[in-house]
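Novice: So that we are looking at the same thing, I have put the structure below in C-alpha cells.
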Amino acid sequence: MSENHKYSIREVSEICNIPSKTLRYYDEIKLVVPEFRDEINRYRYYSKNQLITLCIIRKLRTMDFGLKEIQNIITGNKADGLEKNIEQKLEELLDEINCLQKKYASTNAFLQRLKTGVDLLNIKGEICLEDIAIEEIPETNLVFTRKTMTNYSNIDVSVHRWVEILNLCDDLNIKNKGTIIVTYYCNPLEQFLFTDTDIEFGTTVDAIGDGECFRTFGNFTAATAIHVGNYADIIHTHIRLVQWINQNQYKIIGPISEEFIISPLDINNINEHVTKIIIPIEKKHQK
1 MSENHKYSIR EVSEICNIPS KTLRYYDEIK LVVPEFRDEI NRYRYYSKNQ LITLCIIRKL
61 RTMDFGLKEI QNIITGNKAD GLEKNIEQKL EELLDEINCL QKKYASTNAF LQRLKTGVDL
121 LNIKGEICLE DIAIEEIPET NLVFTRKTMT NYSNIDVSVH RWVEILNLCD DLNIKNKGTI
181 IVTYYCNPLE QFLFTDTDIE FGTTVDAIGD GECFRTFGNF TAATAIHVGN YADIIHTHIR
241 LVQWINQNQY KIIGPISEEF IISPLDINNI NEHVTKIIIP IEKKHQK
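Position 148 of the sequence shown, counted from 1, bears residue number 148 in the UniProt record's numbering, the numbering being contiguous throughout.
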C-alpha cells in the first residue's frame, strides 16, 4: 500500500467499514475532509494518513465519544491528551452503569411486587372473610416522611404524599425498592373519621442512610389481611381485621400500616389494586 496512494470514498468505506453516508457527513462537518481532488472528474480522494485517522475515529465512536470530543482528540493528537479523555469517558460510563443498575433494581423490584399482586388477583374469588393471617413481619429499611394531615379520611389515595416520598428518594439518590408502606399513628380506624391524623409515608430501601428520614420497619408479630379491589372500600377489611383481633384474645400493640402491593399509582384500575393491612399484635395475658 503506497504512501501516496489515493483512496476513493468507496474504497475507504470498505477498508474502514464506515458507511459512505457517514464519510460524507464527516466531510460536511470538517472532521475528515478528503485530502485530494481530481481536477478532471472532481472526485475526492483520501490519503493513507486519513485512513488511519478514520480508524481512530471509528474506535473512539465505539467508546461512545461524541464528534466534538473526537475532533478535539484528533486535533490535539497527543497520547497524554487521549489518556485524559479516556479516563473522563470511563468515569462517565461508570456513572451510566450505576444509573442502569439502579433502574434495573427498581424495575425488578416492581416486577416482583406485581407478580405477588397478580398471584393474589388470580385467587381473588378464593379470598374469603376468614383469610386473616398471623405473620412475623421481617425487618426492612424505610425512607419516610411523617406529618399530620388535617381533616383526613382514608377513603382515597393521597397522591401528593406518594409523589413526595418518591421525590425524596430521587433527592437522596437512593435505590427505591418500590414498596410503599403507609403507617397511621392514631387509634384503630380513626384514619377514616375526618380527623387530624399523624401519617407516615415510607418506601423500602436497601440500606439505612444518614438523617432522620430513615428508620427500620417490621421485626414484630402482626395480624394481616389482603384487600383486593377499590381502595375506597378498605375500611371494611380494617374493621374485619380489628374485630378478629379482639375476638381471638389478641391486642394491638402498635400503629396500623398498609403495604401497597399493586397501588393506584401502578395501575389506574380500582379492581386491580391489592393492599395488605398490617397490625402489630400480641396475645392477651390470661388473668
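Quick reminder that beta carbons are idealized off the backbone N, C-alpha and C, glycines included.
1) Looking at the secondary structure, which residues open and close the beta strand (DSSP E) in which Ser-257 lies?
2) Suppose contacts are defined by Cβ-Cβ distances below 7 angstroms. Is Gln-191 in contact with Tyr-185 by that definition?
3) Alpha carbon to alpha carbon, what distance is there between Leu-114 and Thr-237?
4) Can you list, in chain order, the stretches of the beta strand (DSSP E) that have 3 or more residues and sit fully within the stretch 196–234?
5) Quick one: Cα of Thr-179 to Cα of His-285, how far?
6) Between the Cα of Asp-131 and those of Arg-240, Met-63, Ile-252, Arg-24, spot the shortest distance and give me the residue it belongs to.
7) Would you call the stretch 131–149 and the stretch 209–229 in contact, with 3 or more CB pairs under 8 angstroms?
8) Just verifying my parser: in three-state terms, what is the DSSP assignment at Lys-276?
9) Cα separation between Glu-96 and Ile-267?
10) Using CA coordinates, which residue listed in Ile-52, Val-33, Asp-206, Tyr-152 is at the minimum distance from Asn-176?
11) For Val-33 and Gln-50, I'd like the C-alpha separation in whole angstroms.
12) Closer than 6 angstroms by C-beta to Ala-225: which residues in its own chain qualify, once you throw out the five before and the five after it? Chain order, please.
13) Pairing CB atoms from the stretch 192–201 with CB atoms from the stretch 143–151, are three or more of them under 8 angstroms?
14) In whole angstroms, what is the alpha-carbon distance linking Ile-87 and Leu-93?
15) Quick check on this structure: which residue in Arg-161, Tyr-43, Glu-28 has the alpha carbon closest to the alpha carbon of residue 291?
16) If contacts are defined as beta-carbon pairs under 8 angstroms, then Ser-214 and Arg-161 qualify, I think. What distance do you get, rounded to the angstrom?
17) Checking 7 angstroms against the spacing of the C-beta atoms, do Ile-281 and Ile-256 come in under that value?
18) With H, G and I counted as helix, E and B as strand and the rest as coil, what does DSSP make of Leu-142?
19) In the DSSP assignment, what are the bridge partners of Arg-37?
20) Buried or exposed, going by whether 16 or more other CB atoms sit within 10 Å of the CB of Gly-117?
21) Pick helix, strand or coil for Asn-268, following the three-state DSSP scheme.
Specialist: This is what the structure gives:
1) Unbroken beta strand (DSSP E) run through Ser-257: 256–262.
2) Going by C-beta atoms, Gln-191 is not nearer than 7 angstroms to Tyr-185.
3) Near 21 angstroms, if we compare the C-alpha coordinates of Leu-114 and Thr-237.
4) As far as the stretch 196–234 is concerned, its whole beta strand (DSSP E) runs of at least 3 residues are 214–217, 220–228.
5) Rounded to whole angstroms, Thr-179 to His-285 spans 34 angstroms at the Cα level.
6) Of Arg-240, Met-63, Ile-252, Arg-24, the residue nearest in Cα terms is Arg-240.
7) Result yes; three or more Cβ-Cβ pairs closer than 8 angstroms.
8) Three-state DSSP puts Lys-276 in a strand.
9) Rounded to whole angstroms, the gap between the alpha carbons of Glu-96 and Ile-267 is 29 angstroms.
10) Ranking Ile-52, Val-33, Asp-206, Tyr-152 by Cα distance to Asn-176 puts Asp-206 first.
11) Between Val-33 and Gln-50, the C-alpha separation is close to 9 angstroms.
12) The beta carbon of Ala-225 is closer than 6 angstroms to those of Ile-132, Thr-237, Leu-241, Ile-277 in its chain, skipping five residues each way along the sequence.
13) Between the stretch 192–201 and the stretch 143–151, the count of Cβ pairs shorter than 8 angstroms is three or higher; the stretches touch.
14) Here residue 87 turns out to be Glu, not Ile, going by the sequence shown. Within the model, the alpha-carbon separation for Glu-87 versus Leu-93 is close to 10 angstroms.
15) Because residue 291 is not part of the residues shown, which for the chain are 1 to 287, the question remains open.
16) Checking the sequence shown, residue 214 turns out to be Phe, not Ser. Actually they are not in contact, since the Cβ atoms of Phe-214 and Arg-161 sit about 18 angstroms apart, beyond 8 angstroms.
17) No, these two residues do not count as a Cβ contact at 7 angstroms.
18) DSSP places Leu-142 in strand when its eight states are reduced to three.
19) According to DSSP, residue pairing for Arg-37 in a beta bridge involves Arg-44.
20) Taking all protein chains in view, the Cβ of Gly-117 is crowded by 16 or more other Cβ atoms within 10 Å, so the residue is classified as buried.
21) The three-state reading of DSSP puts Asn-268 in coil, since its state is none of H, G, I, E or B.
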